[in-house]
Structures are given as C-alpha cells and as structure tokens.
Amino acid sequence: MRWKKLGLIYGPDGKLPWAKSHAMVPTPIRLNEEVIRVFVTFCDENGTGRPGFVDISAKDPLKVLRISEQPLLDLGKAGTFDENGLLACSVVDLGNGEMYMYYVGFELGTKIRYRLLTGLAISRDGGNSFSRHSSIPILERSASELYFRCGPYCVKEEGKFRLWYVAGSEWTVLDCKPMPVYDIRYAESQDGIYWPDHGEVQLAITGEDEHGFGRPCVIPKLDGGYRMFYSVRCRSAKAYRLGYAESIDGHNWQRKDSELNLDITPGSFDSDAIMYATPLAVDGKLYVFYNGNDFGRDGFAIAMQETD
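Per the numbering used here, the sequence shown runs over residues 13 to 320.
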C-alpha cells in the first residue's frame, strides 16, 4: 500500500474550556453525500477527555464545516467508571437518527494507575447529542479481563453486533513507569448492549518488544474478507506505530504490518508517534484518519491511499 499524507484537518484553538487541546481517536461517519462527521475526544486544561465532533466536507476532507460547541457526553458522576474522562472509540449508525457510541471510561486507581472499561451512549438525533445507556460499563471487568476492556470498535453485520476490542489483566514497567499489557479480542452481541464477560484473542502481543495494542478498526475488503487497522505499542519506540492485518472471516487474522507503509514523519506533528488509524471509503477513495504525537495533541490528520 502507498499513502499520501494530506496533513492535519483540525486541532483545538483553546477557546473552548472543555476542548483546550487534542482531538483523539478520529472516528468518521458519513452523514450524507456532503458531510463526514468525525467524532473525536478533546481535552480540557487538566487533560480530561470529553467527546465532540468535527464535520468536514466529503468532497474536500480538509475543509472543516462545523465543530461541536458542547461535549456530546460529559464526565460521569463521582465514583463511576468514567468520572475521570471519556474516550469515544466507535460509532455505529443504526439508521433513523439512532447511533450507538462505544467509549472508554477512565477510572483512577490507588495500587494500579487506572482501569479502562467500555461504556455505551445512545443518540436519537443523528449524532448531535448522546445520553448514557447506563452509569456502569457494558464491558465490565471480569476474571480474565481484569483491568482493561477498552478500545472498542463495533460493526453491525447480518443482524448481530461484532466487537473488536483491547483487553488484559497485567502491567509491565517501562522506564520506571507501569504500562498496561493487552491484546486484541473479539466478542458478539445480539443487541449491542449485553456482551459476554470475555472475548476471543485475535491478535496477541509478540516478542519482547510489544506490550499492547491501540483501538482496532475493521472494514470489509473489496474482494471479500476484512482489513484491520490498529496501533502497536513497543518498548523500543516508546510510542505507538500503526499495524495492519487481514482476515477471511473476521476471526482469524494474518498480521501484515510491513505492508501498511504509513509511518512517522520526521519534523512533523507525527514525528514520534502515529496511531488510531480509522479508514473510510469516500467516492472510490480510501482515506485514513489518524493521530500523531502525544495521542493527538495537535489534532487529527488524514492520508489518502494512492492507486496505480
């Protein structure tokens, strides 16, 4: 694969108190022929995340049309799993104005740094506002996924909901700092709300260098099967890089990281890290939305796949 980086689309200017910096995990939905809505998570001055959106032109993805003035979902009440921040990771358009947003809640710990669990918010006005399905996670901790059930990416297909996500129960120490260890897992649900308490491992960390994955994103291949874009966290790089895999059935994956060819650019906003790639096909072109250094500190960017 060959990609042309088109540059940053949007980064906060600091004027909104809830959106001082970052535009993390860009997640695009095509609203209509003219508009792509990119759901992102902005950070306030304390680094606490709340989801919002940036509408861009489907004809010119670098053209910003609208920015949400209020968060789509605010922090959870004291003592809940999302009281310290929310990270929107996946939005499923169910039609007739209804959307499911799967998000990660940050719960700070005392003997561990944090827990990351998945919640659900529902929109009935086409993604302009959302409300919590529940104050508790839909992916609650379990015996085999104790600290992390996060990074969800959901697809509704053939009457069922399919979820690829990140899970784990361990920490490792990197430069004297505890860091999470997790792999990519898979689960299914009939309604998108109630899920099993564990998933099947799809991609496991390999070797001594890898210790985790960022949110996966799965799309169909034109010739059948599936493509997965994900992020890989390595000890050597000390930051995320992008990975890529293919599957016939969405269960059994073959890693092809070296074939993606979308990496950091020295001297740019993605000079140290590149992560959270989310592809979207638009009028015969395949775009990838992604973040760079410091988890999208400068905003989110776009690249276009080049064809011969």
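Don't be surprised by glycine CBs; every beta carbon is placed ideally from N, CA and C.
Which partner residues does residue i have in the DSSP bridge list?
i       : result
Trp-15  : Gln-317
Trp-176 : Tyr-165 and Tyr-198
Gly-224 : Arg-245
Glu-182 : Val-193
Trp-265 : Ser-259
Lys-75  : In DSSP, Lys-75 forms no bridge with anything.
Thr-290 : Phe-301
Arg-42  : Ile-48
Cys-188 : Per DSSP, none; premise fails for Cys-188.
Phe-160 : Leu-128 and Gly-180
Val-37  : Looking at the DSSP assignment, Val-37 forms no beta bridge with any residue, so it has no partner.
Which residue's Cα is closest to the Cα of residue i: the options?
i       : options                               : result
Cys-166 : Leu-186, Glu-258 and Pro-228          : Pro-228
Ile-217 : Leu-186, Val-104 and Gly-226          : Gly-226
Arg-42  : Ile-134, Phe-173 and Val-66           : Val-66
Leu-85  : Ala-70, Gly-64 and Gly-91             : Gly-64
Gly-171 : Asp-269, Tyr-177, Glu-200 and Leu-151 : Glu-200
Cys-394 : Asp-56, Asp-187, Arg-125 and Asp-203  : The question about residue 394 has no answer, for the chain in this structure spans 13 to 320.
Val-47  : Arg-62, Ile-79, Leu-18 and Thr-53     : Ile-79
Lys-71  : Thr-319, Asn-303, Glu-318 and Tyr-299 : Tyr-299
Val-213 : Asp-203, Gly-219 and Leu-175          : Leu-175
Gly-19  : Glu-57, Asp-282, Pro-164 and Leu-106  : Asp-282
Lys-27  : Asn-108, Glu-57 and Ile-124           : Glu-57
Ser-248 : Leu-234, Pro-29, Gln-317 and Glu-220  : Glu-220
Lys-17  : Gly-237, Leu-274, Ser-147 and Gly-296 : Leu-274
Gly-296 : Ala-100, Pro-278, Lys-75 and Gln-317  : Gln-317
Cys-101 : Pro-164, Trp-207 and Gly-236          : Pro-164
Closer than 6 Å by C-beta to residue i: which residues in its own chain qualify, once you throw out the five before and the five after it? Chain order, please.
i       : result
Ala-179 : Glu-157, Phe-160, Arg-161, Tyr-194 and Arg-197
Phe-142 : Leu-84, Leu-85, Met-113, Ala-133 and Ser-135
Thr-60  : Gly-97
Ile-231 : Arg-239 and Pro-291
Leu-120 : Asn-96 and Tyr-126
Met-287 : Gly-226, Ser-243, Tyr-252 and Asn-303
Lys-233 : Arg-239
In its own chain, which residues sit with a C-beta less than 8 Å from the C-beta of residue i, not counting the 5 before and 5 after it?
i       : result
Ser-154 : Arg-161, Asp-209 and His-210
Glu-110 : Ile-134, Ser-135 and Arg-136
Ile-205 : Leu-132, His-145 and Ile-150
Met-191 : Trp-183, Thr-184, Val-185, His-223, Gly-224 and Arg-245
Val-294 : Arg-42, Ile-48, Ala-70 and Pro-73
Tyr-242 : Ile-196, Leu-215, Phe-225, Gly-226, Arg-227, Pro-228, Cys-229, Leu-254, Gly-255, Tyr-256, Ala-257 and Ala-289
Ala-35  : Tyr-22, Gly-23, Pro-24, Val-52, Thr-53, Phe-54, Val-66, Asn-303, Gly-308, Gly-311 and Phe-312
Ile-124 : Tyr-159, Trp-183 and Pro-190
Phe-173 : Val-104, Cys-166, Val-167, Glu-200, Ser-201, Gln-202, Asp-203 and Gly-204
Gly-107 : none
His-263 : Tyr-198, Glu-212 and Gln-214
Might you give, ordered along the chain, the residues of its own chain that have their beta carbon closer than 7 Å to the beta carbon of residue i, omitting 5 neighbours on each side?
i       : result
Asp-284 : Ala-251, Ile-276 and Asn-305
Gly-117 : Gly-88, Phe-93, Asp-94, Leu-98, Leu-129, Gly-131 and Pro-149
Lys-32  : Pro-24, Gly-26, Cys-55, Asp-56 and Glu-57
Pro-29  : Asp-56
Lys-75  : Ile-68 and Ser-69
Using three-state DSSP, classify residue i as helix, strand or coil.
i       : result
Glu-271 : helix
Asn-58  : coil
Asn-305 : helix
Arg-49  : strand
Ile-134 : strand
Ser-283 : coil
Gly-296 : coil
Val-153 : Note on identity: in this sequence residue 153 is Arg, with Val being the wrong assignment. Reduced to three states, the DSSP call for Arg-153 is coil.
Glu-95  : coil
Ile-217 : coil
Asp-310 : coil
Ile-205 : coil
Phe-142 : coil
Pro-63  : strand
Pro-24  : coil
Pro-83  : coil
Gly-211 : coil
Is there a Cβ of chain D sitting closer than 8 Å to that of residue i, yes or no?
i       : result
Glu-212 : In the structure shown, chain D does not exist; there is a single protein chain.
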